[in-house]
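Below: the structure, in structure tokens.
2 protein chains.
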Amino acid sequence: MPRFGNLRDGPAPQAPGAETFTELLHAGGARVERIASRAVRDGAWYEQPWPEFVLLVAGAGRLAFADGTEQALGPGDWAHLPAGCRHRVAWTDPGAETIWLAVHLP
Amino acid sequence: MPRFGNLRDGPAPQAPGAETFTELLHAGGARVERIASRAVRDGAWYEQPWPEFVLLVAGAGRLAFADGTEQALGPGDWAHLPAGCRHRVAWTDPGAETIWLAVHLP
Chain Z
1102 MPRFGNLRDG PAPQAPGAET FTELLHAGGA RVERIASRAV RDGAWYEQPW PEFVLLVAGA
1162 GRLAFADGTE QALGPGDWAH LPAGCRHRVA WTDPGAETIW LAVHLP
Chain F
1102 MPRFGNLRDG PAPQAPGAET FTELLHAGGA RVERIASRAV RDGAWYEQPW PEFVLLVAGA
1162 GRLAFADGTE QALGPGDWAH LPAGCRHRVA WTDPGAETIW LAVHLP
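Going line by line, the protein sequences match chains Z and F.
In this text, residue positions in the first sequence follow the numbering used here: the first is 1102, and each later residue adds one.
In this text, residue positions in the second sequence follow the numbering used here: the first is 1102, and each later residue adds one.
Structural data, given as structure tokens:
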């Protein structure tokens, strides 16, 4: 049976700088998750041995990379982060929840 | 190197009822694609041997299932279609482009 939901529904970050992660689907080594963040400043670095596709659904954010570059993202903006691409969330909107869809590929 | 884009950018359907498909990423047997549709009425049936996750990003649409049920989707609404779940796009907004993100899982 199909399942339905809306990305705007789900746990909200409880404190500035917090992020919540909700797994929506896990199949064949791939994982789809909803992320909600608020007022992130210089989040933790990630470096995964798998590719990731991330879509900013609502709000605003900035990703930072190991070479010092940053990329601002608004609604509809996506990023393909290849395996081994060191990245972090540098900033998200302090005044509103920022919602992301992340797809972790096998 | 990371790649970036926006789901609102891309090929537009050229005629009422048309859909365009753009592959954004293909890795490990999973595929992420952008779909743009306009004024679809009773689209083709799909029945895939893999699970699909689909997100409506902009516009409005309705999915139909083999048991006769339909599900209306607006921005932020997602559907998880398990492997073998027969479905089709029954309707999309006649007055605006409807943008989807589809993730085909391994």
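In this text, a Cβ means the ideal position worked out from N, Cα and C, and glycines have one as well.
What do you get for residue i, buried or exposed, if any count of 16 or more other CB atoms within 10 angstroms of its CB means buried?
i          : result
ARG1139(Z) : buried
HIS1188(Z) : buried
TRP1201(Z) : buried
Can you pull the chain F residues whose beta carbon is under 9 Å from the beta carbon of residue i, in chain order?
i          : result
VAL1158(Z) : LEU1156, VAL1158, PRO1176, GLY1177
Could you compute how far the alpha carbon of residue i sits from the alpha carbon of residue j?
i          : j          : result
ARG1163(F) : LEU1206(Z) : 27 Å
GLY1185(F) : PHE1105(Z) : 17 Å
LEU1157(F) : LEU1174(F) : 7 Å
GLU1171(Z) : PRO1112(Z) : 27 Å
PRO1183(Z) : TRP1151(Z) : 7 Å
ALA1131(F) : ALA1203(Z) : 14 Å
ALA1128(Z) : GLY1177(F) : 21 Å
ASP1194(Z) : ALA1167(F) : 42 Å
PRO1117(F) : GLY1160(F) : 14 Å
ALA1119(Z) : VAL1141(F) : 41 Å
ILE1136(Z) : ARG1109(F) : 21 Å
PRO1114(Z) : PHE1122(Z) : 9 Å
GLU1153(Z) : PRO1103(Z) : 24 Å
ASP1143(Z) : GLY1169(Z) : 12 Å
ALA1197(F) : ALA1145(Z) : 39 Å
ALA1165(Z) : THR1199(Z) : 16 Å
LEU1126(Z) : ASN1107(Z) : 13 Å
Under 9 Å between beta-carbons, which chain Z residues line up against residue i? List them in chain order, please.
i          : result
PHE1122(F) : Per Cβ cutoff of 9 Å: no residues; PHE1122(F) is ~16 Å from chain Z at best.
GLN1172(F) : PRO1103, PHE1105
For a contact defined as C-beta to C-beta under 7 Å, what are the partners of residue i on chain F?
i          : result
ARG1109(Z) : GLY1177
GLY1144(Z) : Here the premise fails: no neighbours, minimum Cβ distance about 16 Å.
VAL1204(Z) : VAL1133, VAL1204
Give me the Cβ distance between residue i and residue j, rounded to the nearest whole Å; I'm assuming they're in contact under 8 Å.
i          : j          : result
GLU1134(Z) : GLU1148(Z) : Incorrect: roughly 18 Å between the Cβ atoms, too far for contact.
ALA1191(F) : VAL1155(F) : About 14 Å; that fails the 8 Å criterion.
Given that residue i touches chain F, what residues does it touch there, using C-beta distances under 8 Å?
i          : result
PRO1152(Z) : LEU1126, ALA1128, GLY1129
PRO1183(Z) : MET1102, PRO1103
ALA1180(Z) : PRO1103, ARG1104, PHE1105
What residues of chain Z sit near residue i, judged by a beta carbon separation below 8 Å?
i          : result
ALA1191(F) : In chain order: nothing, as chain Z lies at least about 13 Å away.
PRO1207(F) : ALA1128, GLY1129, GLY1130, ALA1131, PRO1207
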